[in-house]
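If you count by the UniProt record's numbering, then the sequence shown holds residues 1 to 111, one letter each, in order.
The beta-carbon is built from N, C-alpha and C at its ideal position, and this holds for glycine as well.
As C-alpha cells, the structure follows; a few thoughts come after it.
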Amino acid sequence: MNSLKLLGLSRPVYNAVVARSLASHPLADLLGRLNHVAIATPDLKKAAQFYKNLGAKVSEAVAQPEHGVYTVFVELPNSKLELLHPHGDKSPIQVEFDNELITQMFHLDRC
1 MNSLKLLGLS RPVYNAVVAR SLASHPLADL LGRLNHVAIA TPDLKKAAQF YKNLGAKVSE
61 AVAQPEHGVY TVFVELPNSK LELLHPHGDK SPIQVEFDNE LITQMFHLDR C
C-alpha cells in the first residue's frame, strides 16, 4: 500500500513534514548545500548532448590529465553535474570501467 494513503497525507503535506524533520535534525548543518554530483560516463559527447537537449547549460570538455579525466559541467537550477570521462588508459575511471567496478555516480561534493 502507498505510504501516503496509509498515513492519510497528501504529497505536499508529506513533503513539508519530511523537509521540516530533516531541517530540525541535529546534524542538518553538516550537510550544507550540494555543490555537484560527479557521474562517470563512457561516452562524454553523448552524455553532454543529452543534457543540452534537456535545455541545461553544458560546458566544453576540459582535459585534466593530472586526475586522469576529462570533465564537463552541467548547470542545474540548484546544483551541478560533473560528467567524468577517462583520460588515458591509466585513468582511475578507465580502470574501474575495465573491471566493471563503477556505478554511475562517482562522488558528491557540498559547498
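Asked                                                                                             : Found
Residues bridged to F73 [DSSP beta-bridge criterion]                                              : E82
Own chain residues within Cβ distance below 7 angstroms of L44, not counting five before or after : A61, Y70, V72, L83, H85
Spatially closest choice to L76 from K90, A63, L54, by CA coordinates                             : L54
Element boundaries [beta strand (DSSP E), containing N35]                                         : 34-40
Secondary structure of A48, DSSP reduced to three states                                          : helix
Counted within 10 angstroms of its Cβ, other Cβ atoms place L4 as buried (16 or more) or exposed  : Model confidence at L4 stands at a pLDDT of 47, short of 50, so the residue's coordinates are unreliable and nothing is read from them.
A56: first and last residue of the uninterrupted beta strand (DSSP E) it sits in                  : First-last for A56: undefined, no H or E at that position.
Strand pairing of Q64, partner residues [DSSP]                                                    : V69
Endpoints, alpha helix (DSSP H) assigned at D98                                                   : 92-98
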